[in-house]
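Quick notes on the structure that follows.
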Amino acid sequence: MTLASAVGWIRARLPQTVRVRLSLLYAGLFLAAGTLLLALTYALVAGSLPSPASVTASQRVKAITLCKAAKAAAQGKTGAAKPVAVPVSDEAACTYAYRAGVSQAVRAQNARTLSDLLLFSLLGLGVMTLVSGGLGWIMAGRVLRPVSAITGTARRASERHLGERVALGGPHDELKELADTFDDMLARLDTAFATQKRFVADASHELRTPLTVMQTALDVTMAKPQRSPESVEAMVVKLRRSLGHAEALIDALLTLAVSEQRIEGPEFVDLATLAEDVLEGARAAVEGAGLRLHTDLDPAETVGDQVLLERLLSNLLDNAVRYNVEGGWIAVRSGKSSSRAFVEVANSGPVVDPDDIPALLEPFRRADGKSRGGEGFGLGLAIVRSIAIAHNADLETQARTEGGLRVNVVLPPQAVGNSHARPTGRAE
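For the sequence shown, this note's numbering assigns the number 434 to the last residue and increments by one with no breaks.
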């Protein structure tokens, strides 16, 4: 079995969890650092031990003295020679013999010292590696505890139950920031799903109305035994009116869906020019409602989708005409502020509670009982808000204390992207 296959076999049988990997990482880092420290210590100790080949001057004198003493002991008082283990005929031989003995003893002592150092160091390193792995397991568990809480919350959350929150306590570190971000995401998803369900219900209700009118007109006409041309013509008129109502609603819904998508291929647009075109087409409706029109259109160059921006201005102007008072006025202004293009539509009208403005920006929400030009669908300001979001624009909607609204759309100078337009509900 090769080393690679052995490692693969071990990894296949270890639990593949972050906690295990972190524990092994802590232990491996400790083992690597300990091995490096042990090697450095071993080299320093080995270098500091005495060299077996060196004999100092004092040791040389001592060797000669010992040799002379050995020679005298060998000759004895009678002068008869006795056999000795080493030559003692001269000083060089005595020095060599002493150095050989010292070298052998030093080598043996150095070997024992280094062997003991290596043995006890390896034993200590092994024990401490196991201890570091255990401590790493404990610390990894503590560090990953918030992640387990987030995982548990994600498993409990579902499309029908998004009220779960992590609500992680403790210090404001990266994990708490992650948990708070996850809670914010769940809150946004909860709001988005609720809005989607309400939108589907409202759209179904709005589409059912013209279908019901058409069905009733057909049933009433067909129930008559003698159907005159006049009754058939009246039925056709009702059907055409209901079909036009349904077609307008579907067109508004499609515009709302398109405006919520990211702008692809933005183009150069002057909001002042767009406003002039929209005002020219709506002039008859403004004059027919008996409203005064004030304009102050300065150049306001930006980039974006020209069709959607034109629809934004058209909806704002239509809303200003529809929710106004007899003899009222409409003011349209455009220009640049801090290098950002803006367009503003203000109008007189009934007093609006600032707390109701966020609801008016939602689909199918109307200022009930205050429309001058028919019911409408309640999609005008919702489409404005979606177009503003798609253009990375700031949307400011204010309720005037004298009555009516002031809607200001501020677009970026060049860049277009997805961000949140910021509707406000304060009074001027």
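All C-beta atoms, glycine included, are put in the ideal place defined by N, C-alpha and C. Bear in mind that the values here come from a model prediction, so they are computed numbers and not experimental data.
Rounded C-alpha distance that separates residue 235 from residue 332: C-alpha separation (whole angstroms): 40 Å.
Neighbourhood of residue 278 by C-beta, 7 Å cutoff - its chain only, sequence neighbours within 5 removed: The residues 303, 304, 305, 306 and 340, in chain order, have a CB closer than 7 Å to that of residue 278 in the same chain once the five nearest residues on each side in sequence are set aside.
Chain C contact for residue 406 (CB, 8 Å cutoff): Judged by its chain identifiers, the structure shown contains no chain C, having just a single protein chain.
Inter-residue CB distance, residue 252 and residue 216 (contact presumed, cutoff 8 Å): 4 Å
Minimum C-alpha distance to residue 371 - residue among 411, 183 and 204: 204
Residues bridged to residue 215 (per DSSP): Answer is none; residue 215 lacks a bridge partner.
Stretch-stretch touch, CB-based, cutoff 8 Å, three pairs: the stretch 187-200 with the stretch 217-234: No, the stretch 187-200 does not touch the stretch 217-234.
Reduced DSSP category for residue 389 - H, G, I as helix; E, B as strand; rest coil: helix
4-residue-minimum alpha helix (DSSP H) runs that sit fully inside the stretch 114-151, ordered along the chain: none
Three CB pairs or more closer than 8 Å across the stretch 126-136 and the stretch 44-54: The stretch 126-136 vs the stretch 44-54: in contact.
DSSP bridge partner residues for residue 274 (one or two, in chain order): 309
Residue environment, residue 326, which counts as buried when at least 16 other CB atoms sit within 10 Å: buried
Counted within 10 angstroms of its Cβ, other Cβ atoms place residue 11 as buried (16 or more) or exposed: exposed
Supposed contact pair residue 315 and residue 280 - C-beta distance, whole angstroms, cut 8 Å: 6 Å
Environment of residue 175 [buried if 16+ CB atoms lie within 10 Å]: So residue 175 ends up on the exposed side.
For residue 299, three-class secondary structure by DSSP: strand
Residue 369 and residue 385 closer than 8 Å at C-beta: yes
Burial state of residue 126 (16 or more Cβ within 10 Å): exposed
Span of the beta strand (DSSP E), counted from its first residue to its last, around residue 352: Boundaries of the beta strand (DSSP E) harbouring residue 352: 346-353, taken from the DSSP string.
Residue 114 burial status per 10 Å Cβ neighbour count (16 or more: buried): exposed
Buried/exposed call for residue 152, threshold 16 Cβ in 10 Å: buried
Backbone secondary structure at residue 93 - three-state DSSP: Because residue 93 carries a pLDDT of 47, less than 50, the predicted location of this residue cannot be relied on, and the following value inherits that uncertainty. Residue 93: coil per DSSP, three-state reduction.
Residue span of the beta strand (DSSP E) that contains residue 339, given as start and end: 335-343
Contacting residues, own chain, Cβ-Cβ under 7 Å from residue 269 (five flanking each side not counted): 310, 311, 396, 397 and 422
Local Cβ density within 10 Å of residue 404, reported as buried at 16 or more and exposed below that: The Cβ neighbour count for residue 404, taken over all protein chains shown within 10 Å, is at least 16; the residue is labelled buried.
One or two residues paired with residue 403 in a DSSP bridge: 413
Within 8 Å, strictly: CB atoms of residue 409 and residue 357: yes
Cβ neighbour criterion (16 or more within 10 Å) applied to residue 121: exposed
Residue 251 - DSSP class collapsed to helix/strand/coil: helix
With 16 other Cβ atoms within 10 Å as the buried cut-off, status of residue 190: exposed
Nearest neighbour of residue 187, chosen from 156, 169, 213 and 210 [CA to CA]: 156
C-alpha distance - residue 260 paired with residue 171, whole-angstrom precision: 35 Å
Between the CA atoms of residue 210 and residue 202 - distance to the nearest angstrom: Across the structure, residue 202 and residue 210 are spaced so that their CA atoms are roughly 12 Å apart.
Pairwise C-alpha distance: residue 144 and residue 154: 15 Å
Residues near residue 375 by beta carbon distance below 8 Å, same chain, minus five either side: Since pLDDT at residue 375 reaches only 46, below the 50 mark, its modelled position is unreliable, and no value is offered.
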